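Colleague: The letter at position 111 of the sequence shown is residue 111 when you use full-length UniProt numbering, and the numbering goes up by one with no holes. I have a structure here, written as structure tokens, and I will follow up with some questions on it.
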Amino acid sequence: MVSQISYLLDTNIISELAKPQPNSAVLQQFYVAQHEIAISSIVWHELRFGWLRMPDGQRKQLITKFLHDVVSLIPILDYDAQAAKIHAEIRMQTQKMGNNIPFVDGQIAAIAMAQGLILVTRNTKDFQAIEGLRQINWFTDTIDR
Numbered sequence: 001m002v003s004q005i006s007y008l009l010d011t012n013i014i015s016e017l018a019k020p021q022p023n024s025a026v027l028q029q030f031y032v033a034q035h036e037i038a039i040s041s042i043v044w045h046e047l048r049f050g051w052l053r054m055p056d057g058q059r060k061q062l063i064t065k066f067l068h069d070v071v072s073l074i075p076i077l078d079y080d081a082q083a084a085k086i087h088a089e090i091r092m093q094t095q096k097m098g099n100n101i102p103f104v105d106g107q108i109a110a111i112a113m114a115q116g117l118i119l120v121t122r123n124t125k126d127f128q129a130i131e132g133l134r135q136i137n138w139f140t141d142t143i144d145r
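As structure tokens, this is what we get:
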């Protein structure tokens, strides 16, 4: 078991894993890296808010179980002072390039950069303007071992 965190999962990756039939490539990468992953407090907020908005029913029950059984075991990394500093730099850099990324995407990227992690996201284009951010798309890319 590897105890060092290497990957920060974006909301779209966790959401994929919560599906009744998740993408097989994403699921395989998750199993390979399951002891090396974390989520950000931003992603936790997005997951929790999405869950709170769901109508009661079988789908919400399945998501409740997923959040309890899976997400509760994943470390949650905070948006701290170092991430805030990096986020300000990201916003300035991307604004100069005329590429304003969503605020929460900048926060998630900054947490990954502050912690020296690889961001795992399906939306790689949303983050491509951020200099120095390492990212991988588990839908199309595999972890090198």
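The beta-carbon is built from N, C-alpha and C at its ideal position, and this holds for glycine as well. Values in this document were obtained by computation on a predicted structure and should not be read as measured data.
Is it right to say N99 is buried, meaning 16 or more other beta carbons lie within 10 angstroms of its own, or is it exposed?
Modeller: exposed
Colleague: Anyone know if the C-beta pair for S6 and I111 falls short of 7 Å?
Modeller: no
Colleague: Return the CA-CA distance between Y79 and R53, expressed in angstroms with no decimal places.
Modeller: Whole-angstrom Cα-Cα distance: 24 Å.
Colleague: Per DSSP, which one or two residues make a beta bridge with L9?
Modeller: Note: L9 is bridge-paired with I39, V120 in the DSSP secondary-structure output.
Colleague: For Q29, which residues in the same chain have their Cβ closer than 7 Å to its Cβ, ignoring the five residues on either side in sequence?
Modeller: Taken in chain order, the residues that qualify are W138, T142, I143.
Colleague: Which same chain residues, not among the five before or five after Q93, have their C-beta less than 7 Å away from its C-beta?
Modeller: E131
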